[in-house]
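Report on one structure; see the data block that follows.
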Amino acid sequence: MLITINTMTSLRRYLFTRPIFKLLQKTLPPMTQTESEALKAGNVWWDAQLFSGNPDWKVLRDLPAARLTQEEQNFLDNEVETLCSMLNHWEINHQLYDFPAQVWDFIKQHKFGGMTIPKQYGGLGFSNYAYSEIVMKLYSRCSSVAISVMIPNSGSAKLVLANGTEAQKNYYLPRFARGEDMPAFALSGTQAGSDAAAMPDTGIVCYGEFHGAQILGIRLNWEKRYISFSPIATILAMTFKLFDPEHLLGDKESLGVTIALIPTNTPGITLGKRHFTLDAGLQNGPNWGKDVFIPLDWIIGGQAQIGNGWKMLMKSLASGRAISLPALSAGAAKFACRHTGAYARIRKQFNQSIGQFEGVEEVLARMAGETYLLEAARCATASAVDKGHHSSVIAAIIKYHATEKSRTIITDAMDIQGGSGICLGPKNYLAHLYQVLPIGITVEGANILTRTMMIFGQGAVRCHPFIQQEMVALSNPNQEQGLSQFDAVLMQHLGLTLRNIAAGFWYGLTNACFAATPGDETTKKYYQQIKRFCTAFALVSDYALLSLGGSLKRKERISGRFADVLSHLYLASTALKHYENQGFIIEDKPLIQWACQQSLYQAQQALIAIFNLLPFSFIAWLLKKLLFPLGQPLATPDDALIPQLAAIVLNDCEARNRLTQGIYFNSIEKDVSGRIELAFKAVLEAAPIEAKITAAQRQKQLPKTTDLEKLLAAALGQNLINQQEAEIVSLADKARAAAISVDAFNPEELKNRSHHFDKHD
Ligand SMILES: Cc1cc2nc3c(=O)[nH]c(=O)nc-3n(C[C@H](O)[C@H](O)[C@H](O)COP(=O)(O)OP(=O)(O)OC[C@H]3O[C@@H](n4cnc5c(N)ncnc54)[C@H](O)[C@@H]3O)c2cc1C
-15 MLITINTMTS
-5 LRRYLFTRPI
5 FKLLQKTLPP
15 MTQTESEALK
25 AGNVWWDAQL
35 FSGNPDWKVL
45 RDLPAARLTQ
55 EEQNFLDNEV
65 ETLCSMLNHW
75 EINHQLYDFP
85 AQVWDFIKQH
95 KFGGMTIPKQ
105 YGGLGFSNYA
115 YSEIVMKLYS
125 RCSSVAISVM
135 IPNSGSAKLV
145 LANGTEAQKN
155 YYLPRFARGE
165 DMPAFALSGT
175 QAGSDAAAMP
185 DTGIVCYGEF
195 HGAQILGIRL
205 NWEKRYISFS
215 PIATILAMTF
225 KLFDPEHLLG
235 DKESLGVTIA
245 LIPTNTPGIT
255 LGKRHFTLDA
265 GLQNGPNWGK
275 DVFIPLDWII
285 GGQAQIGNGW
295 KMLMKSLASG
305 RAISLPALSA
315 GAAKFACRHT
325 GAYARIRKQF
335 NQSIGQFEGV
345 EEVLARMAGE
355 TYLLEAARCA
365 TASAVDKGHH
375 SSVIAAIIKY
385 HATEKSRTII
395 TDAMDIQGGS
405 GICLGPKNYL
415 AHLYQVLPIG
425 ITVEGANILT
435 RTMMIFGQGA
445 VRCHPFIQQE
455 MVALSNPNQE
465 QGLSQFDAVL
475 MQHLGLTLRN
485 IAAGFWYGLT
495 NACFAATPGD
505 ETTKKYYQQI
515 KRFCTAFALV
525 SDYALLSLGG
535 SLKRKERISG
545 RFADVLSHLY
555 LASTALKHYE
565 NQGFIIEDKP
575 LIQWACQQSL
585 YQAQQALIAI
595 FNLLPFSFIA
605 WLLKKLLFPL
615 GQPLATPDDA
625 LIPQLAAIVL
635 NDCEARNRLT
645 QGIYFNSIEK
655 DVSGRIELAF
665 KAVLEAAPIE
675 AKITAAQRQK
685 QLPKTTDLEK
695 LLAAALGQNL
705 INQQEAEIVS
715 LADKARAAAI
725 SVDAFNPEEL
735 KNRSHHFDKH
745 D
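The letter at position 156 of the sequence shown is residue 140 when you use this note's numbering, and the numbering goes up by one with no holes.
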């Protein structure tokens, strides 16, 4: 019996596995160093479950809801609140192009640069979730300040904390936290943007003079651009390729990407010029180094970390993507929902609030639904990172979708604001968020590339239950050992594929209505659809990997759509988690329904589009019939949800407060957004009284005049309203007029503004 099993295994290996093994060894391209470093950084979490085709819901449900400590909450309620109240976005972004001195002082004094630095190194030691809440709140007040406090926290500090020597941590981290050193993280250059690994910036190991002595060090030459904080930096976290042509350190000549901390007063460095970044008062600019000589111990982590720069970058960039950019995006989205929702209630055309028109309702509903999705993903991801799940795939998903959602939401809000969104000035609360949108889209991995290269490209290897092991077996220099490893994994892989074929067909026939998942009467069907689409995704992606092999890397239209399927499944699942974390609040039911319907529909459409792009069209067609035997099950979100979602942002209700929770607002009459908040409340209070007056006008009891004073006098005269009610209507009218007013400038003021730049060379 044993002999028979062994014989069968050998036969299978020889006849079935070996030809596949050989073919894949020939067709799979070798991995670049950048790709292999990227794959080694971090770990996997819920993304791996979604990839398996059969997610274990416990992995997601066990993640605790993100919570603030008392200390973090106090910081938000006090320091962050005070900082927000000091900020005037018009002054910062259009007049000073910088922050007033007292704002910089406050930021430094309260260690905003050290929020993520542990207390032992002089920082505030906040969680990623708390950091996200703070950045979100700041962004809702002034984008430039939020981005500026992110810079020391997310770039240089993370690099030093994770990789620095103890001496570097003890010296630099407290200085970053207190703002005594302003660090700039310098990677991008003229030739190397998205393809950062192509940087021409070099360091040569050599002897040189340093503080009067001859020492072994590095002579650097670089040309960087787009570097945040560069014009005011005191330290550059400089990325370069290190070479040792004279073999002063060892046998190797090319030592790889390395990062060093370089004080900007080191001879040979030029900085100070500024890029003019979409009217944002950000300190961002180019810098150059010519024959800059530095000691070896300025390398982050010392000599031991030579050549490990790429690995370090992958880790620290992933956390920026997962935390900082979603926080900015949520700040913008919530701000737009709260204020443009209020504006739609305040602004009247054709004798009614514009928010009551079905066309505007539809846009408001989309804004609310997308904000809910964004917020759910932000909270779940920050909590996951706090629990040690550092997935580069999830980081790429949320970076892309948070910034894209905020782009949709702000653009929608601009449509609703009409001319009041377009006329720049101190009263315009939205245009600035619209102007700076492309920054989030471009930084930390530009979005097009993030979607088409990172999400599925990395996910297919990182998250797939077997691909990584198969690749390891394929690259085993011992062919027989590799074949045996490959055979074992391949059998498991085939087992999963057969399971996915059977389950995919069954779910297609039954619309997954018998699939075992968590969920209640509202949510179970969405859990079931996620499971169904996971199975379909796993099967189709296996087919794509098998049929296209290494060439899938260049088929960005396919990998982009796979990325969309995976991303929308992630977003739908975090929305369900959010709804549960918040306690299944009945008023939020339309939000969770819209969020799930929208993301699942988009996942379906992306998957359907893939079939037409796959090779061997007959097999692709068969696969589609297997998974969708009864056609496409999902449609765009139910129209009946539109008025329910719009009502959330058009009314002063708890659901509105929950949706926009965590942003800064006040009720100061002269404040840019305070006047909207005040007018909103005043208009809502006056609404029933105005309804009485309008009804009386319809019955011809009152004249149809636009002169409010006369109208109120007539209504008072006929005892239709009392004096107090007349005052409420009158106050609401004044607040409304203030809220919809826009700025106009003396032509000379505008001319003077452009004269600032006349002398530019
Ligand atoms: C405000 C601001 C702050 C910044 N701060 C810093 C900083 O502090 N430090 C730093 O080092 N850098 C910084 N950057 C640089 C930023 O990281 C780069 O702008 C970014 O990496 C993109 O590079 P690029 O602008 O040269 O665009 P390019 O690389 O030229 O890309 C242009 C377009 O092509 C797309 N693309 C490129 N390759 C592919 C591909 N293979 N597949 C599909 N699409 C592709 C991109 O998605 C993008 O849409 C900052 C940039 C800005 C605007």
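C-beta: ideal position from N, C-alpha, C; glycine also.
Could you check the C-alpha separation between residue i and residue j for me, to the nearest Å?
i: G293; j: C321; result: 41 Å
i: T519; j: N565; result: 26 Å
i: K332; j: I338; result: 6 Å
i: E364; j: E540; result: In the sequence under discussion, the amino acid at residue 364 is Ala, which differs from the Glu named in the question. Their backbone Cα atoms lie some 28 Å apart in a straight line.
i: W74; j: D82; result: 11 Å
i: Q442; j: S20; result: 10 Å
i: Q93; j: F160; result: 12 Å
i: Q586; j: S725; result: 39 Å
i: S376; j: S714; result: 56 Å
i: I394; j: A316; result: 7 Å
i: A181; j: N72; result: 39 Å
i: L560; j: E342; result: 28 Å
i: F664; j: L309; result: 30 Å
i: A302; j: P167; result: 19 Å
i: V445; j: P251; result: 45 Å
i: L700; j: S111; result: 58 Å
i: A130; j: N736; result: 28 Å
i: L408; j: C126; result: 15 Å
i: T(-7); j: R483; result: 22 Å
i: T66; j: M134; result: 18 Å
i: I381; j: A368; result: 14 Å
i: L8; j: S468; result: 15 Å
Taking only three categories from DSSP, how would you classify residue i?
i: W30; result: helix
i: R125; result: coil
i: Q152; result: helix
i: F440; result: helix
i: D275; result: strand
i: F194; result: strand
i: K371; result: coil
i: N746; result: This structure leaves residue 746 out entirely; the chain is present only between -15 and 745.
i: Q336; result: strand
i: K718; result: helix
i: Y648; result: coil
i: L764; result: This structure cannot speak to residue 764, because the chain is shown only from -15 to 745.
i: I673; result: helix
i: I705; result: coil
i: I284; result: coil
i: F600; result: coil
i: V726; result: coil
i: C497; result: coil
i: N412; result: coil
i: V656; result: coil
i: A472; result: helix
i: R516; result: helix
i: C363; result: helix
i: A624; result: coil
i: F450; result: coil
i: K694; result: helix
i: C321; result: helix
Per DSSP, which residues does residue i bridge with? Please list them.
i: N58; result: Answer by DSSP bridge pairing: none, since N58 is not bridged.
i: M166; result: None; M166 has no bridge partner.
i: N268; result: S212
i: G353; result: In the DSSP output, where bridge partners are listed per residue, G353 has none listed.
i: W206; result: G273
i: L200; result: Y191
i: A221; result: F169, L245
i: T186; result: N205, K225
* **Within the stretch 224 to 254, ranges of the beta strand (DSSP E) (whole runs, at least 3 residues)** => 238 to 247
* To do: Run through the stretch 54 to 110 for me and flag every whole alpha helix (DSSP H) of 4 or more residues, listed as ranges in chain order.
  => 54 to 59, 65 to 70, 85 to 93
* To do: Identify every run of the alpha helix (DSSP H) within the stretch 559 to 598, keeping only runs that are complete inside it and at least 4 residues long; order them along the chain.
  => 573 to 595
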